[in-house]
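Peer 1: I have a structure here, written as structure tokens, and I will follow up with some questions on it.
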Amino acid sequence: MALHQLWFGILAVLFLGFLILEGFDFGVGMLMEPLARLGGGDPEPRRRAVLNTIGPVWDGNEVWLLTAGGAMFAAFPGMYATVFSTLYLPLLAILFGMIVRAVAIEWRGKIDDPKWRRWADLAIAIGSWLPAVLWGVAFAILVRGLPVDARHQVDLSITDVLNPYTLLGGLATCGLFLLYGAIFVALKTSGPVHDDALRVAVWLALPVTVLVAAFGIWTQISHGKTWTWLVLAAAVVAQLAAVALVYSRKHEGWAFLCTALVVTAVVVLLFGALYPDLVPSTLDPQWSLTIDNASSSAYTLKIMTWAAGIFAPLVILYQAWTYWVFRQRISADQIPPFVAYI
Amino acid sequence: MDVVDVSRWQFGITTVYHFIFVPLTIGLAPLIAVMQTVWVVTDNVAWYRLTKFFGKLFLINFALGVATGIVQEFQFGMNWSEYSRFVGDVFGAPLAMEGLAAFFFESTFLGLWIFGWSRLPRRIHLACIWIVAIAVNLSAFFIISANSFMQHPVGAHYNPTTKRAELHSILTLFTNNTGLAAFGHTVAGSLLTGGTFVAAVSAWWMVRSHNRPGDGDVRSMYRPATILGCWVALAATFALFFSGDAQGKLMFHQQPMKMASAESLCDTQTDPQFSILTVGRQNNCDGLTRVIEVPFVLPFLAKGRFNDVTLQGVRDIQRDDQERFGPGDYRPNLFVTYWSFRAMIGFLLIPVLFALAALWLSRGGRVPDQRWFSRAALLTIPTPFLANSAGWVFTEMGRQPWIVAPNPTGDPNVHLVVADGVSHHAPVMVVISLVTFTLIYAVLAVIWFWLLKRYVAEGPLEHDAEPAPPAPPGADDVAPLSFAY
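Here it is as structure tokens:
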């Protein structure tokens, strides 16, 4: 296998790492307020119990995105330049969402005032809903293709960005991350929050299945390869298994694993549909950015392969250890009253 | 409006803003690691309390550094896509490695440190903050290696087929002399920032507690922390002096226009004088009056000797550059380069004076109680930040009009002007993003300042008077968390 093919795979793995980890972070952020309001009593400890399921790990999860961006720059500079300059406004919205979410999570507990916390919660919600929708839209735009001309410049029209397919993509990822987040909260909490998270997962399970299946089938029929039928099939099986497990209201660990498999299958399907293009041209397939004409030199790819080969396994190892350290479930009763400690 | 100007403003604002927080992160992390180490080794609770106190301030600051850092990873592609195409083969590698080898470590282990106080064994918990401290410094190395390629491109050649710079030696890129000097200088500047911060905050508390009878924390906590911060700041100044000197000598050779501009040296001269004050009616070489000048300094800065040094002036370099690269204006903004260079040095003097004063007043077991001293401490805190910003404004504005400055001894085709690196956006779109960034960043800066002020004034918490005992096994399901957002 040539290095630029390998790097297409590594890029897919980095985005997969990002979506599989931040996917439930976004879900947790989106569900923080609904889950706090579902039960009776004071919503504040419940809200914080939900938020703290991702407390020690969300920042490390986000680095997968930064690394995916850096890797795209290093391995496929042509793609990095074209995609990020063309999708300027959607990306800007994602960045704003992620900026306000990051500071809101860290600063939320630093001022003991309900009004301040409402602002922080709003920022966390915006910073979770926006990227959850927009990453789906962005990947759908990419798979559908952009009007790339012979000079690799793009003259974008609004229908390239907003059309039924890309909107469905946004709804699908948003729905999937909601379900994924609900199952994650159920897995990481005990007591009433746990029961309510499972309830939400039950409500979400079927509608989300419909959305994800519709997006998957559309992607497969319009842009898929023969072998990606298998990936789509795997996605459907895993999704149905997740639904069944959620309905059983037990085994949330297995349900979480199945949903993670769905996320994986969706990412593989999207990147499989793209390959060997990086940005398909809707004007003329000859003008598409591909792994051949938009990649870095063999030397740079070789260096980057060494760097990724050494550090990526290490990252997976210590991040896994972090999840092990913080494996215990938390309940609203365990949330300390005063918040400005470290 | 010109898309180049708006894009430059946006990059300048977002990057200078990002680098307000980063030096404090880089400089404070090792200091907190040292504090925690002293506690773990000596079991002296005062150092535990200091760790918690400065740890909290560190986290408030870290959050904004991370949040604004996300933009940095993407805006090359967003606003400088032609630049990204030209240098991606070289520039992308250190950025990706920064993620793999530094960001992952710092974020993951910081999470472990924040939430792991009673969950991890004491020494493993200590290792976490050391990993954070090393990783934040490592990230500086990677990003400065990338930046130094823009100042002085090495390790790459121009490929006429792909029309871009391509890497041929990562080792050469990482051992770029410009990069190593800049890395040393940046880390030293960060340690100055962190050391001054610890010294000034502790000094302010020292005076404050001294005037409060019955407070036993003065001698055990604030005085040692002040002295630690002062020595770190002074050592950092020493390192700043040497690394800056090395950078200057390289720059006279590698980017002569930048240094000539910084000295407002318009014509080539032998043994020119160092200018302390220059006034001009226009922002160029015409109508410039050099008011105060000192001999010997400039030759020493350039070559390490006091006379017999000929330095090229802006006018001559401009003529040479036009011959080499075609018609164009190759002069950076004279006013900005001249004054940012002097501002950097000027702002550096204030923390140095403060550190010397603090050490003098605390000598031989003394505890200062002068009000003016505690007020001076607070006023000193912003000065290293201003010096950091001035230094980067000088480096980057002095690089103009180049986005990749030509290397006089390297591949003659590896260079690019800023105007050729920009994305061809409609200016109005960049104006929208520029305004939005500026507004959000302004709000966040106000909150950041307010939170730091509040938690400095609040001081070490009663809650942290004693380290919490490690949770007994089996208590996990019911025991309150040691920390929660």
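If you read the protein sequences in the order shown, they are chains A and B. Position 208 of the first sequence, counted from 1, bears residue number 450 in the working numbering, the numbering being contiguous throughout. Position 67 of the second sequence, counted from 1, bears residue number 639 in the working numbering, the numbering being contiguous throughout. Here a beta-carbon is modelled for each residue, glycine too, at the ideal position from N, C-alpha and C.
1. Could you check what DSSP says for D983 (chain B) in three-state terms: helix, strand or coil?
2. With a floor of 3 residues, list each beta strand (DSSP E) that falls wholly inside the segment 817-854 of chain B, ordered by position along the chain.
3. List the whole-angstrom C-beta distance separating D839 (chain B) from R887 (chain B), where the pair is believed to meet the contact cut-off of C-beta under 8 angstroms.
4. Taking any Cβ of chain B, which residues in the segment 539-571 of chain A have a Cβ under 8 angstroms from it, in chain order?
5. Going by the DSSP bridge assignment, what does S523 (chain A) pair with across the sheet?
6. Quick check for students: name the residue ranges of the alpha helix (DSSP H) that lie wholly in the segment 436-503 of chain A, counting only runs of 4 or more.
7. Around the Cβ of E1038 (chain B), are there at least 16 other Cβ atoms within 10 angstroms (buried) or fewer (exposed)?
8. Chain A partners of E738 (chain B), CB-CB under 9 angstroms?
9. In chain order, what are the residue ranges of uninterrupted alpha helix (DSSP H) at least 4 long that sit wholly in the segment 282-355 of chain A?
10. Is the segment 963-971 of chain B in contact with the segment 824-836 of chain B, if contact means three or more CB pairs nearer than 8 angstroms?
11. Which same chain residues, not among the five before or five after L1071 (chain B), have their C-beta less than 7 angstroms away from its C-beta?
12. For E738 (chain B), list the residues DSSP reports as bridge partners.
13. Looking only at DSSP bridge pairs, what is H974 (chain B) linked to?
14. May I ask whether a heavy atom of the ligand FMN can be found less than 7 angstroms away from the beta carbon of S399 (chain A)?
15. Under 8 angstroms: do the segment 458-466 of chain A and the segment 419-428 of chain A share three or more Cβ pairs, one atom per stretch?
16. Spatial neighbours of G982 (chain B) within its chain, please: C-beta separation below 7 angstroms, excluding the five flanking residues on both sides.
17. Which one of B:G641, B:Q647, B:Y655, B:R691 has the shortest CA to CA distance from S679 (chain B)?
18. Under 8 angstroms between beta-carbons, which chain A residues line up against M573 (chain B)? List them in chain order, please.
19. Do you know offhand how far K994 (chain B)'s Cα is from V1003 (chain B)'s?
20. Touching or not, the segment 759-771 of chain B and the segment 940-960 of chain B, by the rule of three or more beta carbon pairs under 8 angstroms?
21. Identify the continuous alpha helix (DSSP H) that holds T623 (chain B) and give its terminal residues.
22. On the premise that A797 (chain B) lies in contact with L622 (chain B), defined as a C-beta separation below 8 angstroms, what is that separation, rounded to the nearest angstrom?
23. State buried or exposed for F878 (chain B), treating a residue as buried only when at least 16 other CB atoms are found within 10 Å of its CB.
24. Report the three-state DSSP secondary structure of V531 (chain B) (helix, strand or coil).
25. Please report how far the alpha carbon of I604 (chain B) lies from the alpha carbon of I701 (chain B), in whole angstroms.
26. Listed from N- to C-terminal order along the chain, which residues in the segment 279-292 of chain A have their beta-carbon within a distance smaller than 9 angstroms of any beta-carbon of chain B?
27. Consider the Cβ of V643 (chain B): report whether some Cβ of chain A lies at a distance smaller than 8 angstroms.
28. By Cβ distance, which residues of its chain are closer than 8 angstroms to L398 (chain A), with the 5 residues on each side in sequence left out?
29. Scan the segment 661-675 of chain B for residues whose Cβ lies nearer than 8 angstroms to a Cβ of chain A and list them as they occur along the chain.
30. Indicate the three-state DSSP secondary structure (helix, strand or coil) for L398 (chain A) in the structure shown.
31. Buried or exposed, going by whether 16 or more other CB atoms sit within 10 Å of the CB of E1030 (chain B)?
32. Under 8 angstroms Cβ-Cβ, which residues of chain A neighbour F687 (chain B)?
33. Measure the beta-carbon distance from L812 (chain B) to A771 (chain B) and round it to whole angstroms, keeping in mind my assumption that it falls under 8 angstroms.
34. Just verifying my parser: in three-state terms, what is the DSSP assignment at R862 (chain B)?
35. Can you list, in chain order, the residues of the segment 626-641 of chain B whose Cβ is nearer than 9 angstroms to any Cβ on chain A?
36. Using a Cβ-Cβ distance cut-off of 8 angstroms, determine whether Q576 (chain A) contacts chain B.
Peer 2: In this structure, then:
1. coil
2. 846-852
3. 6 angstroms
4. S539, Y541, T542, I545, M546, A549, A550, F553, A554, V557, Y560, Q561, T564, V567, F568, Q570, R571
5. A:L388
6. 470-490
7. exposed
8. S538, S539, Y541, T542
9. 285-294, 300-317, 319-328, 330-349
10. yes
11. There is no way to answer for residue 1071 (chain B), as the model of chain B reaches only from 573 to 1057.
12. B:H729
13. Looking at the sequence itself, residue 974 (chain B) is Trp, so the reference to His does not match. Bridge partners of W974 (chain B): B:V989.
14. What this structure holds is no ligand at all, so the ligand FMN is not there to describe.
15. no
16. P725, V726
17. B:G641
18. Those within 8 angstroms of M573 (chain B) in chain A number zero; the least Cβ separation is about 17 angstroms.
19. In the sequence under discussion, the amino acid at residue 994 (chain B) is Val, which differs from the Lys named in the question. Computed Cα separation, rounded: 14 angstroms.
20. yes
21. 617-651
22. 5 angstroms
23. exposed
24. Given that chain B is displayed from residue 573 to residue 1057, the structure contains no residue 531 (chain B) and the question cannot be resolved.
25. 8 angstroms
26. R290, A291
27. yes
28. T328, L388, P389
29. D661, V662, F663, G664, A665, L667, A668, M669, E670, G671, L672, A673, F675
30. coil
31. exposed
32. G297, P298, F568
33. In fact, because the Cβ distance is near 16 angstroms, the residues do not count as touching under 8 angstroms.
34. strand
35. G627, K628, F630, L631, I632, F634, A635, L636, V638, A639, T640, G641
36. yes
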